[in-house]
Amino acid sequence: MRVLRDRFVLGLAVVTVPLVIALLGPVFAGPPPAREASFTEGAGHYFGTDFVGRDVWYQVLHGGRPVVLTALAATVLAYLVALPLGLAGALTHRRLVEELLLRPLDVLLAVPSLLMILLAATVLSPGTVGLALLVAVVNVPDAARLIRATATEIAARPAVEALRMQGETWWRIAVGHIGRSMLRTVTADAGTRLTGVLYLVATAAFLGVGAAPDAADWAVMVDRNRTGLLVQPWAVVAPALLIVALTTGTNLLFDTALDKRGRGPGGTSVREA
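766 is the number of the first residue of the sequence shown in the numbering used here; add one for each residue after it.
Following this line, the structure appears as structure tokens:
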């Protein structure tokens, strides 16, 4: 239990810094400092200036919110679509319905996620909201298949058959029993998926999708300032470290939470008890 507690504290400490900066940074940023020469240090700029002479720290304070909110929105949207699709596919007794629900998703699975986003971006030119929708769409097929597989295994258990014989409604069986039973699996997937979504959002912004070339965005900062990495490294290192801390801390927190759920009061695994 002490190891789990230490991992939880470490994960919380790692993820708190980028989250606080992302969510509260714009509140405390104040007015933008005067511009100086590109890629310079000092003169009141704690982390120097960026490729157009803007204060790096000011850009960092404003650059996290788009990444975090877009990733969270995309993850939530993906599950809002994937959960009903996966449950319906697992619980329907009509093969045709299952095929109509899930087979179209295989088309999306055949194309790499980032390539799909880039192809859609060439036609749609999405903003932040559009990027969240695109990232959600490419995550729906994989999430729906995982939910369907998990729900199918749970639906085959005797307890579910007993509920059907008692005349329980589809909603009570799907949400009340199967949904609760698959919560741990979905939670584990959500932690991993959120990290993948953060990667997709940051990579798309790095490539210019969903963000203006001079936007205050951590991923855009890494891209636009990399030409001055050897001259003024903080313009690249600061946002890059915050992205890494956000993804690493998120994984640690989810892993620790799952380990705690899987252990009994004495630290013994529930499966072993």
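The beta carbon of each residue, even a glycine, is placed where N, CA and C say it ideally should be.
When C-beta atoms of the stretch 934–943 are compared with those of the stretch 849–858, three or more pairs fall below 8 Å, so the two segments count as touching. In the displayed model, residue 1014 falls within a helix according to three-state DSSP. Beyond the five residues adjoining it in sequence on each side, residue 1016 comes within less than 7 Å, by CB distance, of 956 and 960 in the same chain, given in chain order.
Relative to residue 979, the option among 839, 901 and 819 whose CA is nearest is 819. The C-alpha of residue 953 is placed about 13 Å away from the C-alpha of residue 840.
Residue 812 counts as buried, since at least 16 other C-beta atoms from the protein chains shown sit within 10 angstroms of its C-beta. The C-beta separation of residue 773 from residue 1018 comes to about 7 Å, placing the pair in contact by the 8 Å criterion. Around the beta carbon of residue 850, a 10 Å sphere encloses 16 or more other beta carbons of the protein chains shown; the residue is thus reported as buried. When the Cα atoms are used, residue 786 and residue 825 turn out to be separated by approximately 8 Å. When C-beta atoms of the stretch 981–989 are compared with those of the stretch 908–916, fewer than three pairs fall below 8 Å, so the two segments do not count as touching. In this structure, DSSP gives residue 968 a helical state, which the three-state scheme calls helix. For residue 923, the uninterrupted alpha helix (DSSP H) segment begins and ends at 923–930. Less than 8 Å divides the Cβ of residue 780 from the Cβ of residue 1014. Of the residues 896, 892 and 883, the one whose Cα lies closest to the Cα of residue 843 is 896. In this structure, DSSP gives residue 957 a helical state, which the three-state scheme calls helix.
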